[in-house]
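Residue numbers (numbering that gives the first Met the number 0): 0 to 1015. Glycine included, C-beta positions come from ideal geometry on N, C-alpha and C. For clarity, every value in this text was computed on a predicted model and none was experimentally measured. These notes concern the structure reproduced below.
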Amino acid sequence: MAVQVFQPLPTLPDHPALEQEILELWEREETFEQVRERNRGGPKFSFMDGPMTANNPAGVHHGHGRTLKDVFQRYKAMRGFDQRYQNGFDSQGLWVEVEVEKALGFGSKREIEEYGLAEFARKCRERVAHYSEVQTEQFRRLGQWMDWDNDYYTFSDTNIEYIWGFLKTVHERGWLYMGHRSTQWCPRCGTSLSQHEQAGEENYVEMEHPSLYVRFPLVGREGEALVVWTTTPWTLPANVAAAVEPDAEYGLTEDGRWVAVACFPDETFGRRARGDELVGLEYTGPFDDLPAQAGVVHRVIPWDEVSLEEGTGIVHIAPGAGAEDFELSRVHDLPVLAPIDESGRMLPPYGDFVGLSTIEVAEPVTASLRERGLLVSEGTIVHRYPICWRCKTPLVFRVVDDWFISAEEIRQPMLDANDTVEWTPPQYKKRMDDWLRNMGDWNISRKRYFGLPLPFYPCECGDLNVIGSRAELEQRAVSGLEQLQELHRPWIDEVRIRCEQCGREVARIPEVGDAWLDAGIVHFSTLGWRNPVWREHGYATGASAGLSGADLPDHAYWEEWFPADWVSEMREQIRLWFYSQCFMAVTLDGRSPYERVLTYEKVFDQYGKPMHKSSGNQIELDEALERMGADVARWLYCAQSPSQPLRFGYALADDVKRRLLRFWNSAAFFVTYARIAPFEPGAAAAEPQGLDRWLASRTAQLVRDATAEYERFWTPGVVAAFEAYADDLSNWYIRRSRRRFWNDDPAALQTLWESLTQALRVVAPVMPFLAEYLWRRLVSPDESVFLADWPAEVEVDEALLEEVAAVRRVVELGRRARDEARLKLRQPLRRLVVEGAAAAAAHEREIAEELNVKEVEFGAVESELRVKPNLPVLGPKLGKELGAVRVALATGELEQLPGGRFRAAGYELEPHEVIVERTGREGWAVAAADGVTVAVETALDDDLLLEGRVFDLVHEVNSMRRQQGFELTDRIVLTLPPDLEPLLRWEQRIKEDVLAVEIRLDGSAGLSIAKAGPRA
Ligand SMILES: [Zn+2]
Ligand SMILES: [Zn+2]
């Protein structure tokens, strides 16, 4: 039988270089295709990709999400699951439009219209085509395995048709309506924005605005005026009312100002009145001379929501320029004056202000109030103010007509559906519930261009025609079909249909849809819901033709793959994609479209600060992958808890590299000795020793624990299990077994080989490149780790693991005790006493060797105990009870409990909740933790000192061997200066430890080594 020759490993892994090598290998061997082929027909694991906007290169935060998706898809693939790997691109809507506008240098909608909608649509598609390719390359480099040529693009006609079908259903249920209301409006984008788009923290910034206190003189009450406070001077010309809190107390100051008493506690008031006594009073508006104000009667209205925390307790109401103001106009039948047009500029009936933006008009408004003596005071205020989620322009309020889907009837079914979903981390389930409880009606219309064309054809007869499919459109069209290239503006706008009620010819409304409709429908559109026959490339229609080869499957396929077993996106998607897909699926099918969710927080820099180009701490994904390597980036992403902001940076990457090196070094150690032996896996029958049995069990434990962590979608658990294992492997098994490897012990080599190869399979989903690279070196150059079976779960010898864990605890504490006494490990000591680690008792010899002591005793350690509270842990747990516990511990009023626990002041304290210090008696050094105490005798006699010098000599000679480039197996002749002669009491031991065949004493020379000649 041929002996396998292992290729030597470099000292350090060059991550980027080996990753390129593996990428080429996967490409050449079509590894991913082989994996899919192998799993075809196996049990199904249904994953649905949340589409990523293809408008720019991907950033490191995208790398985070992509890594998590890939880790669990790879894991499931290794478990034999048949899966879908369809990647999604979000490809229409404001996302894309704003980027194209920037590229073309446009700043307003007018410029788009002058440019031409057809040409603009082409530019949007081009941008998506370009960046979907860029992103694909980036994610391939990250190691993500996807069906890259069959992506879904949300601007496909098929996707659009499925949304049309959804909208028709919604209309049939009576949920669709046109609302005339005040909404947040972006003056640059020229469209309203919805609650769910704008709800994110990042959509608010600190801004400085004017802060004006303005007098509204009361009619018929000479010298008296209401005082209001505003930070939006542009809304004053549209004022129609002033609101007071009916139950609050108001007062009139000596100089004739009415304000809420609670807002001005230091003011002296003459007359006082309850708010409801002021209701109904009329006042002179601040800009009554404007044409817009003709005929408006200004009066005081009651409003329970008036704040007494800021301002004057009297609120200026302009229903055309604020959401609450608009609601009040309905209750109190107030006129609605709209001051601005869709680009945020003042309209003609506003006199001299016409054409000015909301910012530009502040100054002339203030000047006019000042001149007329209406300004009480003026200043500025810095406050949090909403900006457009897409273009960052400060928002205003406008009253417009928008299309809404009522959330009333769907709310409870969505809550019920969410109740069936398993969220990781679990606390996010409640966040989703909170969002669903508070969600308003879904504003689905945007006054824009390259987006889902809303298929609404309102007729003057009062009927709203909603088209549910392209077939229906073709059937009912009266003109325009011949030029319909794809279901986008401007082409779709040319198609007229016949009203189903009266037969009139009707045109489509110009609005396009919210982009979250595009992403929310994909559980239906990509899986062929209600599609009678499978259509090859049938999804790649309209704008996506030529970009993708995706099929449109048939309904049977949908039945197989819906709902998704698992989806994973960022936490902010609770109000975005998780919400929209749930809304649409519950509407169409009554079920949640996903059974499990993994969600995660944002990516910050390595100091925990948000990354920004302007702060100079932004890291580009491409650069990160090339500088640190994809595996290292993946490890960083996976090691941290998804419920915390993730820290990402090069210093953290270096730390990961150091941690990964431990496992690499273990593999390199194996290869070195396997080459020397030479060793062939499984070739020779070898009797395993105790430590081999321990490592086998420890490996089984890794397999069991990591599998459990994968099953609960918890990467930090996988990483922690692997890192603890790599430490045990290197710092216990290999270190304790060195001599056996020097002696080519086949049992040790076999045990180490099995452990390394099992660990590689377990860790492969997280760091696929390094795992594949080492697998090819350790198992077979022609076989992929991803085609190997997942390691079988075998029984774990818990007792044995506990024994060795106890030994490692004792050794760790023994080292700490030695450190405190400043006794280096090479100095042998006489005695060690262990208390509280009974499981370690059978390992006296190993403990003695590890800690370089002559005797190990198990028994009581005489020492003084001091227990302190671990404040960061106990503080939050005990709250104000902490004081009592602290006093009890300080005065020694405590009781020791088994397992390192304590009782104090009536509380039981766990080992991690306290800091235990023990002081030994004279001549002893003591260390304690988790209920184990270890004491070493510190006294040294001549014998111990001499032996310490022997250890020093061995250490020095072995360093010389390495420095002088000796092979591990080279035998040497060692020459000592005469003053080291006493050490020859230990001659045999020195020879063994440095591979010396002879030791000479030479009066004229210092310490030296030379290669020994071939042995006779
Ligand atoms: Zn905008
Ligand atoms: Zn009609």
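Near Ala816, which residues of its chain fall below 7 Å by C-beta distance, leaving aside the five closest residues on each side in sequence? Ala924, Val925, Ala926, Val933, Ala934, Val935
Tell me the DSSP bridge mates of Tyr599? DSSP, once it has assigned bridges, lists Met569 as partnering Tyr599.
Ends of the beta strand (DSSP E) at His179? 175 to 185
Can you list, in chain order, every residue whose CB sits closer than 6 Å to a heavy atom of ligand 2? Cys458, Cys460, Asp462, Cys498, Gln500, Cys501, Arg503
Using the beta carbon as the reference atom, which residues fall closer than 6 Å to any heavy atom of ligand 1, ordered along the chain? Cys185, Arg187, Cys188, Cys387, Arg389, Cys390, Thr392
Three-state secondary structure (DSSP) at Thr229? Secondary structure of Thr229 (DSSP, three-state): strand.
Let me know if Asp69 comes out buried or exposed under the rule of 16 or more other beta-carbons within 10 Å of its beta-carbon. buried
Once you ignore the five residues that flank Ala1015 on each side, which residues in its own chain have a CB closer than 8 Å to its CB? With a pLDDT of 40 at Ala1015, under the threshold of 50, the modelled position of that residue is not reliable, and no figure is offered here.
Can you list, in chain order, the residues of its chain with a C-beta nearer than 6 Å to that of Arg571? Leave out the 5 residues immediately preceding and following it. Before going on, a small fix: residue 571 reads as Glu here, not Arg. Result list for Glu571: Gly199, in chain order.
Alpha carbon to alpha carbon, how far is Arg469 from Arg534? Give it in angstroms, no decimals. Taking the straight line from one Cα to the other gives about 16 Å.
In the segment 129 to 217, which residue ranges form an unbroken beta strand (DSSP E) of at least 3 residues, counting only runs that do not cross its ends? Contiguous beta strand (DSSP E) elements confined to the segment 129 to 217 occur at 175 to 185, 203 to 216, taking only those with 3 or more residues.
Whole beta strand (DSSP E) runs in the segment 443 to 499 with 3 or more residues, listed along the chain? 455 to 457, 463 to 465, 476 to 478, 495 to 497
Which of the three DSSP states is assigned to Tyr636 in this structure? Reduced to three states, the DSSP call for Tyr636 is helix.
Find the nearest neighbour of Pro680 within the set Thr750, Thr671, Ala705, judged by alpha-carbon distance. Thr750
Do Thr311 and Tyr212 have their CB atoms nearer than 8 Å? yes
Would you kindly check if the distance between the Cβ of Pro186 and the Cβ of Ser342 is under 8 Å? With contacts defined as CB atoms closer than 8 Å, Ser342 and Pro186 qualify as a contacting pair.
Assigned exposure category for Cys637 - 16 Cβ within 10 Å defines buried: Cys637 comes out buried.
Is DSSP giving Leu1006 helix, strand or coil here? Leu1006: coil per DSSP, three-state reduction.
Going by alpha carbons, who is nearest to Asp418 out of Pro424, Arg410, Lys428, Ile409? Lys428
Tell me which residues share the same chain as Glu801 and place their Cβ nearer than 6 Å to its Cβ, disregarding the 5 neighbours each side in the sequence. Ala838
Tell me Leu975's beta-bridge partners as DSSP assigns them. Looking at the DSSP output, Leu975 shares a beta bridge with Leu1000.
Among Val260, Glu819, Arg124, Thr525, the one whose alpha carbon lies nearest that of Thr918: For Thr918, the nearest C-alpha among the options comes from Glu819.
Validate contact between the segment 564 to 580 and the segment 141 to 160 using beta carbons, cut 8 Å, 3 pairs: no
His842: which of Arg830, Phe857, Ser613 sits nearest, CA to CA? Phe857
Taking only heavy atoms of ligand 3 into account, decide whether any of them is closer than 7 Å to the Cβ of Glu946. Ligand 3 is not part of this structure, which contains only ligand 1 and ligand 2.
Proximal residues to Phe268 (C-beta, below 8 Å), its chain only, five neighbours per side dropped: Gly250, Leu251, Thr252, Val260
Could you compute how far the alpha carbon of Tyr772 sits from the alpha carbon of Gln82? 25 Å
Would you report the Cα separation of Phe5 and Glu782, rounded to the nearest angstrom? 15 Å
Identify whether Lys990 lies in helix, strand or coil by the three-state DSSP scheme. helix
What whole-angstrom Cβ distance do Glu493 and Gln482 have, given they're in contact under 8 Å? Contact check for Glu493 and Gln482: beta-carbon distance about 6 Å, within the 8 Å limit, so the pair qualifies.
Buried or exposed for Asp727, going by 16 or more other Cβ atoms inside 10 Å? buried
With respect to the alpha helix (DSSP H) encompassing His382, which residues constitute its N-terminal and C-terminal limits? Taken as a continuous stretch (DSSP letters only), His382 belongs to no alpha helix (DSSP H), being part of the beta strand (DSSP E) at 374 to 385.
Do Ser193 and Trp441 count as a contact pair if the criterion is CB distance below 8 Å? yes
For Pro871, which beta-bridge partners are listed by DSSP? For Pro871, no pairing in a beta bridge is given by DSSP.
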